[in-house]
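Per the UniProt record's numbering, the sequence shown starts with residue 3, numbered consecutively. Single-structure report; data block below.
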Amino acid sequence: DLIPVTLIPGDGIGPEIIASTLEILETIKAPFQWDKQLAGMAAVDASGDPLPQQTIDSIHKTGLALKGPLTTPVGKGFRSINVTLRKEFGLYANVRPTRTLIPGGRFENVDIVLVRENLEGFYAAMEHYIPVGDDPKAIATCAGYTSRTECRRIVKYAFDYAVKNNRKKVTLVHKANILKELCGLFLEEGRKVAKEYEGKIACEERIVDACAMELVLKPETYDVIVTTNLFGDILSDLTSGLIGGLGMPPGANIGEKAAMFEAVHGSAPDIAGKNMANPLAVLRASAMMLEYVNRVDLAKRIESAIEKVVVHDKVRTKDLGGNASTSDMTAALKRAIA
Ligand code: NAI
Ligand code: MG
């Protein structure tokens, strides 16, 4: 039985890396049936709407999406499509695993799973500019918020993830020393949840700035990190940098009723259409989707093929220091996985 999935190829390098991923999924006979839909600039070009109702309806039906990166149109009137999608489907947990793949880089043995709260904080976008015009006395405000329910839910997700994936420790990352209410609530709920896992999963706390420093000094000491939206956004790019850039880490956006899988990186307009993009991040996102639908066996085949091709056979795209094209890498992965 095939599982229906909404497929959004996306913008920039999106269509190239999604095509690569589809070839590999086809080779292993992944049990998906694709419902191809548009979003981003591709949708603006086709219909003037960056997020057509038809695309939203499709995800409501399938509850699953594999998505290429979207270029958010610049200019007033367009809200971030990613933020809108997360809100529409209540995708509260953004899960970003990063681990060292290629040895000999700046850091060894990095294996961090960052769980980012995806709906609240400063990205709820209640922004104001007062007053209008270029008055030098103008001020801009942003009202961030956190709710007890959401803080509890995201920390609980991180601990459950740790249990399910044989992890040892969860670090609560916050700024409760300054943002006593906004982050205080997160920390308070986090501590309560941690108590429920005592003896099973260890819990540590870090203030976000100290965490940023420590991630660079001794990233191997981190296991699962859970944090609020803005901090998670920034720290997950940092952790991507620890393992050699944005070309590799995948991301899952998980809700109660739907889940959306994508790369952490964006549409990379600087290399779009040049057959240069690293397809691994979105391929790994598809592996996370396979795990989500309980096909860990197929997810493992993808991970071992990546290991063989990239680590042992050293087939690498430019961002990884090699000279393989997107299609070279795709062909090598298909051979390795067949
Ligand atoms: P970006 O992630 O697209 O690019 C940053 C740098 O990393 C560029 O030099 C790019 O060439 C490189 N890079 C990214 N992915 C790569 C890959 N797979 N292989 C090789 N090199 C890769 O970030 P940027 O330039 O800030 O954003 C471009 C557009 O993407 C913007 O419109 C932004 O809004 C959007 N974006 C969309 C996201 C999503 O849909 N989830 C996430 C982040 C950005
Ligand atoms: Mg980001």
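Glycine residues also receive a C-beta, built at the ideal position from the N, C-alpha and C atoms. Predicted model only: the values in this text are computed from it and were never measured.
Item checked: Candidates Gln39, Cys144 and Val175, of which the one nearest valine 226 by Cα -> In the sequence shown, the residue the question calls residue 226 occupies position 224. Minimum Cα distance to valine 226 is reached at Val175.
Next item on the list: Quick one: using the 10 Å Cβ neighbour count with 16 as the cut-off for buried, is isoleucine 180 buried or exposed?
Entry: Locating residue 180 in the sequence shown gives position 178, counting from the first residue. Classification of isoleucine 180: exposed, given that the 10 Å Cβ count is below 16.
Check: For residue 2, does the three-state DSSP call read helix, strand or coil?
Finding: The shown model of the chain, from 3 to 340, leaves out residue 2, and the question about it has no answer.
Next item on the list: Would you tell me roughly how many angstroms separate the C-alpha atoms of methionine 331 and valine 284, rounded to the nearest one?
Entry: Position 329 of the sequence shown, counted from the first residue, corresponds to residue 331. Position 282 of the sequence shown, counted from the first residue, corresponds to residue 284. When rounded, the distance between both Cα atoms is 13 Å.
Notebook entry, point to check: Can you name the start and end residues of the alpha helix (DSSP H) that arginine 98 belongs to?
Noted result: Within the sequence shown, the letter at position 96 stands for residue 98. Careful: arginine 98 lies outside any alpha helix (DSSP H), inside the beta strand (DSSP E) at 95 to 101.
Next item on the list: Check each candidate in Arg98, Pro17, Glu110 and Ile304 and name the one with the smallest Cα separation from asparagine 231.
Entry: If you number the sequence shown from 1, residue 231 lands on position 229. Among Arg98, Pro17, Glu110 and Ile304, the Cα nearest to that of asparagine 231 is on Arg98.
Notebook entry, point to check: So is the beta-carbon of alanine 283 under 7 Å away from any non-hydrogen atom of the ligand NAI?
Noted result: In the sequence shown, the residue the question calls residue 283 occupies position 281. Alanine 283 Cβ: within cutoff of the ligand NAI.
Check: In terms of residues, what are the limits of the alpha helix (DSSP H) holding asparagine 255?
Finding: One-based indexing of the sequence shown puts residue 255 at position 253. Per DSSP, asparagine 255 belongs to no alpha helix (DSSP H); it is in the beta strand (DSSP E), 252 to 256.
Margin query: Rounded to whole angstroms, what is the Cα-Cα separation between aspartate 235 and glycine 243?
Written below: Within the sequence shown, numbered from 1, the residue matching residue 235 stands at position 233. Within the sequence shown, numbered from 1, the residue matching residue 243 stands at position 241. Here the C-alpha atom of aspartate 235 lies approximately 13 Å from the C-alpha atom of glycine 243.
Check: Is it right to say phenylalanine 34 is buried, meaning 16 or more other beta carbons lie within 10 angstroms of its own, or is it exposed?
Finding: For the purposes of this step, residue 34 is identified with residue 32 of the sequence shown, where counting begins at 1. With 16 or more other Cβ atoms within 10 Å, it is buried.
Margin query: When you measure from the CB of leucine 72 to every non-hydrogen atom of the ligand HEM, does any distance come out below 7 Å?
Written below: In the structure shown, the ligand HEM is absent; the only ligands present are the ligand NAI and the ligand MG.
Next item on the list: May I ask you to check if the CB of aspartate 13 is nearer than 7 Å to at least one heavy atom of the ligand MG?
Entry: For this step, residue 13 is matched to residue 11 along the sequence shown. Not so, every heavy atom of the ligand MG lies at least 7 Å from the Cβ.
Notebook entry, point to check: Is alanine 212 buried or exposed, if buried means 16 or more other CB atoms sit within 10 Å of its CB?
Noted result: Stepping through the sequence shown from its first residue, residue 212 is reached at position 210. Answer is exposed; the Cβ neighbour count stays below 16.
Notebook entry, point to check: Are phenylalanine 91 and isoleucine 61 close, meaning C-beta to C-beta below 8 Å?
Noted result: By one-based count along the sequence shown, residue 91 stands at place 89. By one-based count along the sequence shown, residue 61 stands at place 59. Yes.
Notebook entry, point to check: Which first and last residues belong to the alpha helix (DSSP H) in which threonine 328 is found?
Noted result: Here residue 328 is taken as the residue at index 326 of the sequence shown, counted from 1. Residues 328 to 339.
Item checked: Where glycine 42 falls, given that 16 or more other Cβ within 10 Å makes a residue buried -> Mapped onto the sequence shown, residue 42 falls at position 40. So glycine 42 counts as buried.
Note to self: Along the chain, where does the beta strand (DSSP E) containing valine 228 start, and where does it finish?
What the structure shows: Numbered from its first residue, the sequence shown carries residue 228 at position 226. Looking at the DSSP string, the run of the beta strand (DSSP E) that includes valine 228 is 226 to 229.
Notebook entry, point to check: If you count every other CB in all the chains shown that lies within 10 Å of the CB of serine 306, and 16 or more means buried, which is it?
Noted result: The residue labelled residue 306 in the question sits at position 304 within the sequence shown. Exposed.
Next item on the list: Measure the Cβ-Cβ separation of leucine 87 and isoleucine 256 and say whether it is below 8 Å.
Entry: Stepping through the sequence shown from its first residue, residue 87 is reached at position 85. Stepping through the sequence shown from its first residue, residue 256 is reached at position 254. No; because the gap between Cβ atoms is not below 8 Å, this pair is not in contact.
Notebook entry, point to check: Among Glu207, Val115 and Val76, which has the Cα closest to the Cα of arginine 101?
Noted result: Counting from 1 along the sequence shown, the entry for residue 101 is found at position 99. Among Glu207, Val115 and Val76, the Cα nearest to that of arginine 101 belongs to Val115.
Notebook entry, point to check: Roughly how many whole angstroms lie between the Cα atoms of proline 52 and isoleucine 83?
Noted result: Numbered from 1 along the sequence shown, position 50 holds the residue referred to as residue 52. Numbered from 1 along the sequence shown, position 81 holds the residue referred to as residue 83. Whole-angstrom Cα-Cα distance: 7 Å.
Next item on the list: Could you tell me whether the Cβ atoms of alanine 32 and leucine 240 are closer together than 8 Å?
Entry: Locating residue 32 in the sequence shown gives position 30, counting from the first residue. Locating residue 240 in the sequence shown gives position 238, counting from the first residue. With respect to the 8 Å criterion, alanine 32 and leucine 240 are not classified as neighbours on the basis of their beta carbons.
Notebook entry, point to check: At which residue ranges does the segment 167 to 217 contain complete beta strand (DSSP E) runs of 3 or more residues, listed in the order of the chain?
Noted result: 171 to 176 and 204 to 209
Notebook entry, point to check: Is glycine 50 helix, strand or coil by DSSP?
Noted result: Numbered from its first residue, the sequence shown carries residue 50 at position 48. DSSP places glycine 50 in coil when its eight states are reduced to three.
Notebook entry, point to check: Can you tell me whether isoleucine 15 is buried or exposed, with buried defined as 16 or more other CB within 10 angstroms of its CB?
Noted result: One-based indexing of the sequence shown puts residue 15 at position 13. Isoleucine 15 comes out buried.
Margin query: Run the Cβ filter for me: residues under 6 Å from any heavy atom of the ligand MG, listed in the order they occur in the chain.
Written below: Checking every Cβ against the heavy atoms of the ligand MG under 6 Å gives Asp235 and Asp239.
Check: In this structure, does DSSP put leucine 116 in helix, strand or coil?
Finding: Working through the sequence shown from its first residue, we reach residue 116 at position 114. Reduced to three states, the DSSP call for leucine 116 is strand.
Check: In the DSSP assignment, what are the bridge partners of tyrosine 159?
Finding: Position 157 of the sequence shown holds residue 159. None; tyrosine 159 has no bridge partner.
Check: Where in the segment 274 to 329 do unbroken runs of the beta strand (DSSP E), each at least 3 residues long, occur, reported from the N-terminal end onward?
Finding: none
Margin query: By the three-class DSSP mapping on this structure, what secondary structure does lysine 63 have?
Written below: Position 61 of the sequence shown holds residue 63. DSSP places lysine 63 in helix when its eight states are reduced to three.
Next item on the list: With a threshold of 7 Å, establish whether the CB of aspartate 330 neighbours any heavy atom of the ligand NAI.
Entry: Numbered from 1 along the sequence shown, position 328 holds the residue referred to as residue 330. No heavy atom of the ligand NAI is found nearer than 7 Å to the CB of aspartate 330.
Checklist line | Cross-strand partners of tyrosine 147 (DSSP beta bridge) | finding: One-based indexing of the sequence shown puts residue 147 at position 145. For tyrosine 147, DSSP records a beta bridge to Gly123.
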